[in-house]
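> First to last, the sequence lines map onto chains A, B and C. Position 433, counted from 1, in the first sequence is what numbering that gives the first Met the number 0 calls 432; the numbers after and before it change by one each time, with no gaps. Position 90, counted from 1, in the second sequence is what numbering that gives the first Met the number 0 calls 89; the numbers after and before it change by one each time, with no gaps. Position 244, counted from 1, in the third sequence is what numbering that gives the first Met the number 0 calls 243; the numbers after and before it change by one each time, with no gaps.
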Amino acid sequence: MTTQPSVKTVTVTVDGVSLSVPEGTLLVEAAKQIQEDIPVYCYHTKLGPAGLCRICLVEIEKMPKLQIACNTVVTDGMVVHTASDKTMEGRRAVLEFLLLNHPLDCPICDKGGECDLQDFSMAYGQGASRKVEAKVAKPKAVDLGPTIVLDEERCIVCQRCVRFDDIITQERSLVVKDRGHRDIIATSTEEPYVSDFSGNVTELCPVGALTSKTYRFKSRPWDLNRTKTTCTQCSVGCQLYVDERYGDVLRTMSVAEDETSDGWLCDRGRYNIGFYNDPQRIASPLLRRGDEWEQIGWDDAVALWARQIREARDTTGPESIGVIGGGRLLNEEAFLLQHLFRSLGVENLDWRAGRQTVATPVFSGTYEELEAAQTILVFGVPPSQTAPVMDLRIRKAVVQRGARLVTVGPHSSGSSVTETHVRRVADIPSDAFDAERIAVVFDGIDATPMRDLHERFAELKRAGKSLIGFIPGEQPNARGAEAMGMLPRDGGRGTREVFSAAKDGGIRVLSLFGVNPALRFADGALATAALERTPFIVLSELFLTDTARFASLVLPAHGPFERDGHVLDMTGRVQRLFAAHAAPGGALSDGEMLVALADALDIEIPSPSALTARARAPEKRAMPRGEIRAAAPGGEAALRVIIRSDIFAGGGTVYHDERLEELRPRPIATLHPRTAQALGVAAGDLVDVIAGDRALRGLIVRVADAASEGTIRVVDGLPGAPANVLFDGEEVQVTKLEPAAPLAAAGAVAG
Amino acid sequence: MLRAVIAGFVAILAGFRTTFGYLFVKKPTIAYPSIKKQHAPRFHGLHELRRYADGKERCIGCELCQIACPANAIVVVGAENTPADRRSPGERYAARYEIDELRCIFCGLCEEACPTDAIVLTPRFEMSDYRRGSFVYAKDRLLVPPQGGVGSAPDERPNGIPADLGAVAQQKSTVDIATGYDATWYGRALKTERRGLAG
Amino acid sequence: MNAVPLWLIVVIKSAIVLFVVITTFAYSMLFERKVMAWMQLRPGPNRVGPWGLLQPAADAAKMLFKEDLTPKTADPVIYRLAPFIALFAAMGTFAIIPFSESPAGVWSVGDVNAGILFVFALTSIGVYGISLAGWASGSKFPLLGSVRATAQMISYELSMTMSVVGVLILAGTTSLVGIVHAQYRLWFFIPQLVGFGIYLITAVAETNRAPFDLVEAETELVGGFHTEYSGLRFGLFFIAEYMNMITVSCIATLLFLGGWNAPFGLTFIPGIVWFLIKGGLFLFFYIWLRATLPRFRYDRLMAFGWKVLLPVATLNLMATAAVIAAVR
Ligand code: SF4
Ligand code: SF4
Ligand code: SF4
Ligand code: SF4
Ligand code: FES
């Protein structure tokens, strides 16, 4: 805590050391200045004091009793003893109470080895119990939700979990039920505990009461090899620890002092780790032979690739070669990719493979600035499903700092904080722009609102206001790819034009890097047609995705925790990745593939150090502004489709992670009750959603008040139900399928 | 010079006397394997994973033996019991349990660490084999077979003889439990030496 | 008797001697292993047959059936030939060794009047076997072993010969039978005590036995000259070594211990028994030596041979010659 001139400081003596701290500082925080660790259970820096556990007792002179350090504000002249005999005696007594009914199943407890109850019992406990009566038995191994197991006996009722759910996520489903020795943790509604941030409670819980299902009994903390790296599941760029044992990524843990994540992780980043050793992962280059895949060696694969590229360039020219990818690559790899193909004269380079069309905002800001904004304008798909940890910042800004949240477009925020939701740009309350610090969060898909507000923003900027923008995109390193030059220049064609050309047979060789346009590209029909017509497609992937159906050559790549290098997060900060897991023997990183290709094509590439320098210092240049979508056709009374995102959607890592089975979204169509009634469908029905000759088939109807009337919401990126066959906002018809009875139950569960 | 030569000769002759004398000393060799030596009561030999009387495994896969092992000889990976497949009484059991007996130094710390008395060291020591890999004992060889009872804790076998080894071991005991290794020549030498020190 | 041609007699005699010597070799090996074991507080071989008596047969079977390897870098012809040279030299000496005497004649394959010279000639050839084996193996350790063998042989043969010449001066003949006859009254180890000591030491060195077994010194040279040998060929070296032991034991008996002459007038015991007892004592001494003394360091071995043994042997020879000259 830094001393600011405007704040009065007070002087307090802790264990004989005199400290100057700002007025209002909690004693437990003040003591940290001299590395005096006062034990805490219920107190947490980000959750604040609760005064429940009493382990933090300290002796304060002139006070008759021991005081809790976590909820005592320092005053001038206070003299504190944190290790006096009286304090120790107090802690011993508190621990004896905490352990009265504690099961002490440390040998089978997942927290054993990193448990505060163990540690403090060793430090301050009395060693033996005086209790002779039987302990109170409570439910063990309670299935709290899809991700969490709860052991009620181990809970010391510090309520950190409850307060996290209340203060940080604002979801408020966890509560303490009953009182006294019968108290248990449960959800208020008796429903399963479902949250996109549920994993954080397992870290907050000071004991082994809340544990992750994915990590249950897998290992012990002392066995784990820990690596600190960056999460690349979305564009936030959270730091995290990856814990690996015997070649298996077993768990990830947040980094408490990380500025990017604020110390939290979302469940996608935390739990999507079970795919690394999936048997379906590609282990060697695959060459298509009719309907079969033939395993070939790397030398042959690269030679074939190089030959195809050379032939295409020499016969039909570099315009007949296309490259899509970069949003999942490292900066180094993205740079190498564009360098290699530009050296061949190819300008058809683009990272855009989904619905997102722009990644670099005009005015960048940091997450801390977002937290300090007074008005937060969110356009399009809400960040709760594309950049969840960033959404926690928004919630924090709204709830703890009193910011105003305005969501614009068909989607509301998707979280439970207070918001103003308007459909059109014109409806944005004009006083929203009165604030001094304004943050704009834009999904990067349809730039129409940005064009409409361009004048307004310029005005605000001229008025000297703080205006910052964020684009929480679909791909983790889209901003890095843009900065590294993975964009068409000098008459090159972007993804959409490449696909249009390919549809007419204008593309001979298409190289795809970690992208899945068949499932994700905004115009699914166009992508499919283009991929079908392209004679030679090379795909670098972990799994045989929907796009692999069209590929001639599939190259096994390295997964997120298997890479070493740099990426840019959505704020433009350079983040470092360290490999935490050894990739399977047959796989090469995208960078290694490119080096091999450059060798085969005799292209000179930058040295590794030059490459790293590039990756760490992206060049600044004007970025395109994103695509303007034509308004979708259809009348006023039409039923319009809204495509929504889900953090657990996707055809790659989530789809092949068996530990996430329960979390993957089902193919659901969400309707407002009145709309459902008008269409004559009920919850659990199976429907087809049809637009012209295109159809999205076999969706389960869900009815929810939160949905807007006259819309049907579907989830993007589900293999088997690719929502990209439809256009966002397009007019559709719905037909009901018979019979739907057996699936009704599934619909209810999925709801 | 001459003195040194003579002293050298005398030393050599003394050596000759010693070796010659040994010709007539009773040899301490035990004719293993036809005669086996009885072990000290807490002899540390091959490991065994015990069971409870109801047949459930005692081991709960807690990995405490693994971390206690100074030789890094143990690998434990836990897993969860399911109602359909219940291996141990609690929630957790050892899905994988391996001891590399070549690494093991037979210190018995794993036995000390085990909270459920699951892993014990038996007096069995005959485990020679032809391949290194065959010294990694997994559950199939460590766990007492279901028909094999529960296994015995060290304090349940005062003479250090498991039932199936007893017959051979008792043919000739070279160790007297009460007095120690008296019956061997080396033991006698040690004893003499000790007596000399004491007296 | 005249009906039997001379060559047949020689063949029969050779066959008998060979059989006896080979059996002796086999059991002297067992004898060595047993005695060594007892001296080291072990029971020794006791698994094959009663008290391990069939151990030599088992060893022979093992030697025969083991694979015979020739290293890639070896000189194949010489490599294969070397063991035979060693064995030939070792066996050849038995042709002239007289074991006893009866009124019908001397018990030997052939009595040569310059027998002692023949013996020395043959044992010198034996070292060729070792040197060639080490050189032809084509690897380092055997080469070192064979170089050592050569050096050791040269260093110690000189002293040995000088110690023997003392005996020859006393006996006035080079025929082995003659030498034995000359000891009818006084065994030569009494007048030639120094010579006898020198002979004992050099004989051990000549046969490359502990503590002079630097040629095979397994702690330094793996197996010395026979590192690369296996199976039958290794067996031949093995046989040669023991044959040499037996030979030098016999020679010592003949030159210094009066051959088959009975001591203290105990003539009712046949001469051959005395011969065997005396030879056996030598063998036992060899084994005892091996069980007692550690191996020499190489430089000490050389220094001892040249700086101690040779001068002492020379002085002894000169003294003997002087005394004999004075007496005559
Ligand atoms: S919560 Fe802590 S003290 Fe309690 S059983 Fe688990 S490890 Fe042991
Ligand atoms: S479950 Fe854990 S975090 Fe929640 S109240 Fe209990 S001990 Fe605290
Ligand atoms: S006896 Fe000692 S070395 Fe062997 S497994 Fe047990 S703890 Fe490890
Ligand atoms: S043998 Fe004992 S200490 Fe080792 S894992 Fe099993 S229960 Fe734990
Ligand atoms: S930490 Fe202070 S009362 Fe819990």
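Glycine is no exception: its CB is placed at the ideal position from the N, C-alpha and C atoms.
#1: Straight-line CA distance for alanine 582 of chain A to proline 220 of chain A?
#2: Name the DSSP bridge partner or partners of aspartate 292 of chain A?
#3: Find the residues of chain A that neighbour glutamate 79 of chain B, judging by a C-beta separation of less than 8 Å, and give them in chain order.
#4: When the cut-off is 8 Å and only beta carbons count, does phenylalanine 105 of chain B lie next to chain C?
#5: Taking all protein chains shown into account, do 16 or more other C-beta atoms lie within 10 angstroms of the C-beta of glutamine 54 of chain C, making it buried, or fewer, making it exposed?
#6: Round the Cβ separation of alanine 682 of chain A and valine 702 of chain A to the nearest angstrom and send it over; I've been treating them as touching at under 8 Å.
#7: Any heavy atom of ligand 4 inside 7 Å of the beta-carbon of valine 75 of chain B?
#8: Measuring from the CB of glycine 50 of chain A, is there a heavy atom of ligand 5 at a distance below 7 Å?
#9: Apart from the five residues on each side of it in sequence, which residues of its chain come closer than 6 Å, Cβ to Cβ, to arginine 351 of chain A?
#10: Excluding the five sequence neighbours on either side, which residues of its own chain have a C-beta within less than 8 Å of the C-beta of isoleucine 155 of chain A, listed in chain order?
#11: Just how far apart, CA to CA, sit leucine 18 of chain A and glutamate 258 of chain A?
#12: Determine the chain B residues that contact isoleucine 147 of chain A at a beta-carbon separation under 9 Å, and present them in chain order.
#13: Comparing the CB of phenylalanine 134 of chain B with every heavy atom of ligand 3, is any distance shorter than 7 Å?
#14: Are the beta-carbon atoms belonging to glycine 125 of chain C and alanine 88 of chain C less than 8 Å from one another?
#15: Let me check you understand the geometry: is the CB of glutamine 158 of chain A closer than 7 Å to at least one non-hydrogen atom of ligand 1?
#16: Could you tell me which chain A residues have their CB closer than 7 Å to the CB of cysteine 61 of chain B, listed as they occur along the chain?
#17: Using the rule of at least 16 other Cβ atoms within 10 Å of the residue's Cβ for burial, across every protein chain shown, is methionine 152 of chain C buried or exposed?
#18: On the three-state DSSP scale, how would you describe aspartate 175 of chain B?
#19: Suppose only complete runs of 4+ residues qualify. What are the alpha helix (DSSP H) ranges in the segment 661 to 695 of chain A, listed by chain order?
#20: For glycine 14 of chain B and chain C, any beta-carbon pair shorter than 8 Å?
#21: Please go through the segment 310 to 362 of chain A and give each complete beta strand (DSSP E) segment of 3 or more residues, from N-terminal end onward.
#22: To the nearest angstrom, how far is it from the Cα of alanine 694 of chain A to the Cα of glutamine 373 of chain A?
#23: Along chain B, which residues have their Cβ under 7 Å away from the Cβ of tryptophan 221 of chain A?
#24: Please list, in chain order, all residues of the same chain as lysine 85 of chain A whose beta carbon is under 8 Å from its beta carbon, the five residues on each side excluded.
#25: In whole angstroms, give me the CA-to-CA distance for valine 111 of chain C and threonine 172 of chain C.
#26: Can you tell me whether alanine 137 of chain B sits near ligand 3, meaning its C-beta is under 7 Å from at least one heavy atom of the ligand?
#27: With 8 Å set as the bound, which would you pick, yes or no: does the beta-carbon of arginine 49 of chain B sit closer than that to a beta-carbon of chain A?
#28: So is leucine 309 of chain C in contact with chain B if we call contact Cβ pairs under 8 Å?
#29: Is the closest heavy atom of ligand 5 to the C-beta of tyrosine 96 of chain B under 7 Å?
#30: Quick one: what does DSSP say glycine 230 of chain C is sitting in, helix, strand or coil?
#31: Taking the CB atoms as reference points, tell me whether proline 664 of chain A and phenylalanine 647 of chain A lie closer together than 8 Å.
#32: Is there a C-beta anywhere in chain C that falls below 8 Å from the one on phenylalanine 8 of chain B?
#33: Residues of chain B with CB under 9 Å from methionine 28 of chain C, in chain order?
#34: Return the residue from the list A:Glu332, A:Ser319 and A:Asn330 that minimises the CA-CA distance to leucine 343 of chain A.
#35: Is phenylalanine 236 of chain C buried or exposed, if buried means 16 or more other CB atoms sit within 10 Å of its CB?
#36: Any Cβ of chain C within less than 8 Å of the Cβ of isoleucine 176 of chain B?
Taking the geometry as given:
#1: To locate residue 582 of chain A, count along the first sequence from 1; it is residue 583. To locate residue 220 of chain A, count along the first sequence from 1; it is residue 221. Whole-angstrom Cα-Cα distance: 23 Å.
#2: Working through the first sequence from its first residue, we reach residue 292 of chain A at position 293. Per the sequence shown, residue 292 of chain A should be read as tryptophan rather than aspartate. For tryptophan 292 of chain A, which the question treats as bridged, DSSP gives the partners A:Arg287.
#3: Translated into the one-based positions of the second sequence, residue 79 of chain B becomes position 80. What glutamate 79 of chain B touches in chain A: Arg215 and Phe216.
#4: Locating residue 105 of chain B in the second sequence gives position 106, where the first residue counts as 1. Closer than 8 Å: no.
#5: Walking along the third sequence from the start, residue 54 of chain C turns up at place 55. Buried is the call here.
#6: The sequence position of residue 682 of chain A within the first sequence is 683, counting from 1. The sequence position of residue 702 of chain A within the first sequence is 703, counting from 1. Confirmed, Cβ separation roughly 5 Å.
#7: By 1-based counting over the second sequence, the position of residue 75 of chain B is 76. Checking the Cβ of valine 75 of chain B against ligand 4 gives yes.
#8: Numbered from 1 along the first sequence, position 51 holds the residue referred to as residue 50 of chain A. Short note on glycine 50 of chain A: C-beta closer than 7 Å to some heavy atom of ligand 5.
#9: Numbered from its first residue, the first sequence carries residue 351 of chain A at position 352. If we look at arginine 351 of chain A and ignore the five residues flanking it on each side, its Cβ neighbours are Thr494.
#10: Taking the first sequence and counting its residues from 1, one reaches residue 155 of chain A at position 156. The residues are Tyr40, Cys52, Leu97, His101, Leu116, Pro205, Val206 and Ala208.
#11: Within the first sequence, residue 18 of chain A is the residue found at index 19, counting from 1. Within the first sequence, residue 258 of chain A is the residue found at index 259, counting from 1. Our two residues, leucine 18 of chain A and glutamate 258 of chain A, have alpha carbons roughly 27 Å apart in a direct line.
#12: In the first sequence, counting from the first residue as 1, residue 147 of chain A sits at position 148. Result: empty, since nearest Cβ-Cβ is about 14 Å, beyond 9 Å.
#13: If you number the second sequence from 1, residue 134 of chain B lands on position 135. For ligand 3, not one heavy atom lies less than 7 Å from the Cβ of phenylalanine 134 of chain B.
#14: Position 126 of the third sequence holds residue 125 of chain C. Position 89 of the third sequence holds residue 88 of chain C. In contact: glycine 125 of chain C and alanine 88 of chain C (Cβ atoms closer than 8 Å).
#15: Along the first sequence, one-based indexing puts residue 158 of chain A at 159. Outside the cutoff, so no.
#16: Your numbering for residue 61 of chain B matches position 62 in the second sequence. The contacting residues are Pro106 and Ile107.
#17: The count along the third sequence starts at 1 and reaches residue 152 of chain C at position 153. It counts as buried.
#18: Here the question's residue 175 of chain B lines up with position 176 in the second sequence. Summary for aspartate 175 of chain B: the model assigns pLDDT 46, below 50, so the residue's position carries little reliability; its value from the coordinates is reported in the next sentence. Strand, per DSSP.
#19: 672 to 678
#20: For this step, residue 14 of chain B is matched to residue 15 along the second sequence. Yes, contact with chain C.
#21: 320 to 324
#22: The count along the first sequence starts at 1 and reaches residue 694 of chain A at position 695. The count along the first sequence starts at 1 and reaches residue 373 of chain A at position 374. Alanine 694 of chain A and glutamine 373 of chain A: Cα-Cα distance of roughly 43 Å.
#23: In the first sequence, residue 221 of chain A corresponds to position 222, counting from 1. Neighbours of tryptophan 221 of chain A on chain B, chain order: Ile66.
#24: Position 86 of the first sequence, counting from 1, holds the residue named residue 85 of chain A. Answer for lysine 85 of chain A: Glu58 and Leu65, listed in chain order.
#25: Here residue 111 of chain C corresponds to residue number 112 of the third sequence, with the count starting at 1. Here residue 172 of chain C corresponds to residue number 173 of the third sequence, with the count starting at 1. Spanning the two alpha carbons is a distance of roughly 11 Å.
#26: Walking along the second sequence from the start, residue 137 of chain B turns up at place 138. Not one heavy atom of ligand 3 is found less than 7 Å from the C-beta of alanine 137 of chain B.
#27: Within the second sequence, numbered from 1, the residue matching residue 49 of chain B stands at position 50. No, no contact with chain A.
#28: In the third sequence, counting from the first residue as 1, residue 309 of chain C sits at position 310. It does not; no Cβ of chain B falls within 8 Å.
#29: Translated into the one-based positions of the second sequence, residue 96 of chain B becomes position 97. False, no ligand heavy atom lies under 7 Å from that Cβ.
#30: For the purposes of this step, residue 230 of chain C is identified with residue 231 of the third sequence, where counting begins at 1. The DSSP-derived three-state label of glycine 230 of chain C is helix.
#31: Residue numbering aside, residue 664 of chain A sits at position 665 when the first sequence is read from its first letter. Residue numbering aside, residue 647 of chain A sits at position 648 when the first sequence is read from its first letter. A contact, by the Cβ cut-off of 8 Å.
#32: Along the second sequence, one-based indexing puts residue 8 of chain B at 9. Taking Cβ atoms only, chain C never reaches closer than 8 Å to phenylalanine 8 of chain B, which makes this a no.
#33: For this step, residue 28 of chain C is matched to residue 29 along the third sequence. Going along chain B, no residue has its Cβ under 9 Å from methionine 28 of chain C, so there is no contact; the nearest lies around 18 Å.
#34: Stepping through the first sequence from its first residue, residue 343 of chain A is reached at position 344. When only C-alpha atoms are compared, the closest one is A:Ser319.
#35: Locating residue 236 of chain C in the third sequence gives position 237, counting from the first residue. Of the residues assessed, phenylalanine 236 of chain C falls on the buried side of the cut-off, its CB having 16 or more other CB atoms within 10 angstroms.
#36: Taking the first residue of the second sequence as position 1, residue 176 of chain B is located at position 177. With a pLDDT of only 43 at isoleucine 176 of chain B, under the threshold of 50, the placement of this residue in the model should not be trusted, and no figure is reported.
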